[in-house]
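When we follow the UniProt record's numbering, the leftmost residue of the sequence shown carries the number 1, and every step to the right adds one.
Report on the following structure.
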Amino acid sequence: MESSSSSSASQEVNELISSSSKRSGTLNMVMGKHRLAAAIASLNQQIQIIQDELDQLDSFGEASIVCRELVSSVELMPDALLPVTRGPINVHLDRWFHGASDSRRNKRWL
Numbered sequence: 001m002e003s004s005s006s007s008s009a010s011q012e013v014n015e016l017i018s019s020s021s022k023r024s025g026t027l028n029m030v031m032g033k034h035r036l037a038a039a040i041a042s043l044n045q046q047i048q049i050i051q052d053e054l055d056q057l058d059s060f061g062e063a064s065i066v067c068r069e070l071v072s073s074v075e076l077m078p079d080a081l082l083p084v085t086r087g088p089i090n091v092h093l094d095r096w097f098h099g100a101s102d103s104r105r106n107k108r109w110l
């Protein structure tokens, strides 16, 4: 596979060189032939990787179905970082935040 990509890259380099030399009459390239061939081979490899990723995306289901499944699975599992309590852990803390139910303390003094 690598030899076919390198041969196609070298063919592309030769075509680029011939087309540029026909237009300008001289070869005015900044990059050398081998470096240009390596750059083209690298681009072809990146194109192939992106094409494979697109093919994988085509095989996935609809996004809304996947999102619904994700939300339902997350809602079923409790959060590991939050404590699970059924009531107040300490009654005194509950009194501190909610206030006492004493009628004496509920009176307002002006």
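Positions of the beta carbon are idealized from the N, C-alpha and C atoms, including for glycine.
Best match in the options for proximity to residue i [C-alpha to C-alpha]
i, options, result
"arginine 35", "Ile47, Asp52, Asp79, Asn14", "Asn14"
Cβ pair residue i, residue j closer than 8 Å
i, j, result
"isoleucine 49", "glutamate 12", "no"
Other residues of its chain near residue i: CB distance less than 8 Å, five sequence neighbours each side excluded
i, result
"valine 74", "none"
Burial state of residue i (16 or more Cβ within 10 Å)
i, result
"alanine 37", "buried"
Limits of the alpha helix (DSSP H) - the one that residue i falls within
i, result
"alanine 37", "33-59"
"glutamine 80", "The sequence as given places alanine at residue 80; glutamine does not occur at that position. Here alanine 80 belongs to no alpha helix (DSSP H), and DSSP marks it neither H nor E."
Sequence-distant residues of its chain with Cβ nearer than 7 Å to residue i (five each side left out)
i, result
"glycine 25", "No answer about glycine 25 holds up, because its pLDDT of 49 lies below 50 and its placement is not dependable."
is_contact[residue i, chain D] using C-beta, thresh 8 Å
i, result
"glutamine 11", "Of the chains in the structure shown, none is chain D; there is only one protein chain."
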